Amino acid sequence: MGDSVGGGSPDVLENKRSATRYQVLVEIAARQPAVSQGEIADTIGVTSQAVSDYVRDLVESGYVEKGGRGRYEVTKEGVDWLISRTDDLETYLERVNSDVLGSVEVDAAIALDDVAEGREVGLVMRDGVLHANPAGGTATAVTVTSAEAGEAVGIADFEGVVDYDTGTVSVLPVPTVTDDDRPDPDVISAHVPDEELVAVAGTEAYALVSRSGVEPDIRFGTAEGVAEAGMLGLDVLLVAVTDEIPRHTSKLRDSNVPHRVLDSDAF
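So for the sequence shown, the numbering used here puts the first residue at 125; every next one is plus one.
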């Protein structure tokens, strides 16, 4: 048998009665003061008689106060009980997310060589894409599928940290169409390194890059795309209309991606 989640299950999950009691109290709190026991029964999937029994128990426990004509209200004691049980559930779910789901999560990587299922591989970042290296690495995972070199392979049971540096974004401002300045397209083609991505934001920027003969790598969703590329270790030249720059640099700051705004003279 596999290991259970550390810390044990919360009280409301110990048995069906505890779980149903919790659900009934939640439904009363959501519907008060005019509470239909039949609607609660339909919602949580038990009989109306069962709901009636639970409501009676909650009233006797001091968690619910009964009024006339089907009116019920959760007492302070009931609210405190709900909060404590809900906190227990949240803590339990956090453990499930981190300890359980994290260990069974399956991701994909590009196989650097042929690899069989169930093999421990190293993880490396190349061109912004995760690669699985059968020769090993500082971060490791276990393959859950087989793959030939160049194919995507499923990986799980991650350990360690993938070692790569964050990329740098260089931002070239482009004047708006109403500005008298007309940048020379040669500044683009002459100074874009082969390994650098080119992104454009704004029609004027797209026109300038297109005239230079360079094909932009990122044209849409550039604020998110450029920031993600930088986070994955890629250098990016962002050619952007001046009024687009604050939106992009704000996203880069939020993502902690190093960036600099260039003057066209720097080219």
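Just so it is clear, CB atoms sit at the ideal spot from N, CA and C, and this is done for glycine as well. In this text, all values refer to a predicted model and were calculated from it rather than measured experimentally.
Cβ pair residue i, residue j closer than 8 Å
i: V203; j: Y196; result: no
i: A273; j: D238; result: yes
i: R243; j: T267; result: yes
i: V360; j: L296; result: no
i: P307; j: V301; result: no
i: V118; j: G261; result: Outside the modelled stretch of the chain, which goes from 125 to 391, sits residue 118, for which no answer is possible.
i: V245; j: A232; result: no
i: T167; j: E151; result: yes
i: L137; j: A143; result: yes
i: R209; j: S294; result: no
i: R335; j: P309; result: yes
i: V338; j: I312; result: yes
Local conformation of residue i per DSSP, three classes
i: I168; result: helix
i: G274; result: coil
i: T267; result: strand
i: G202; result: helix
i: E229; result: coil
i: L137; result: helix
i: E320; result: coil
i: Y216; result: helix
i: R243; result: coil
i: Y330; result: helix
i: R377; result: helix
i: V311; result: helix
i: D281; result: strand
i: R250; result: strand
i: R209; result: helix
i: R335; result: helix
Euclidean distance between Cα positions of residue i and residue j
i: N139; j: A265; result: 37 Å
i: E368; j: T199; result: 54 Å
i: A165; j: E218; result: 29 Å
i: E241; j: Q173; result: 53 Å
i: E163; j: V230; result: 40 Å
i: A154; j: G349; result: 42 Å
i: Y330; j: A280; result: 41 Å
i: A205; j: T215; result: Checking the sequence, you will find Trp at residue 205 rather than Ala. W205 and T215: Cα-Cα distance of roughly 16 Å.
i: D305; j: N380; result: 32 Å
i: L376; j: T366; result: 16 Å
i: A351; j: G284; result: 24 Å
i: L358; j: P157; result: 58 Å
i: D211; j: E201; result: 15 Å
i: R141; j: V179; result: 13 Å
i: I207; j: R145; result: 14 Å
i: A325; j: G345; result: 9 Å
i: D387; j: Y288; result: 29 Å
i: A347; j: Q147; result: 44 Å
i: T327; j: D303; result: 14 Å
i: F282; j: T269; result: 15 Å
i: D396; j: L213; result: The displayed coordinates of the chain run from 125 to 391. Any statement about residue 396 would go beyond what the structure contains.
i: V277; j: L321; result: 26 Å
i: R371; j: P382; result: 15 Å
i: D181; j: G169; result: 18 Å
i: V333; j: V316; result: 11 Å
i: G186; j: D378; result: 49 Å
8 Å contact criterion, which residue i and residue j should meet: CB distance rounded
i: T290; j: M355; result: 6 Å
i: G192; j: V159; result: Between V159 and G192 the Cβ distance is about 12 Å, and since that is not below 8 Å, they are no contact.
i: A235; j: A271; result: 4 Å
i: P340; j: A353; result: Not a contact, Cβ separation roughly 13 Å.
i: V175; j: Q161; result: 5 Å
| query | Mind pulling the beta strand (DSSP E) runs of 3 or more residues that sit fully within the segment 341-373? | reply | As far as the segment 341-373 is concerned, its whole beta strand (DSSP E) runs of at least 3 residues are 360-365.
| said: To test your reading of the DSSP string, which unbroken beta strand (DSSP E) runs of 3 or more residues are found completely within the segment 144-192? | reply: 188-190
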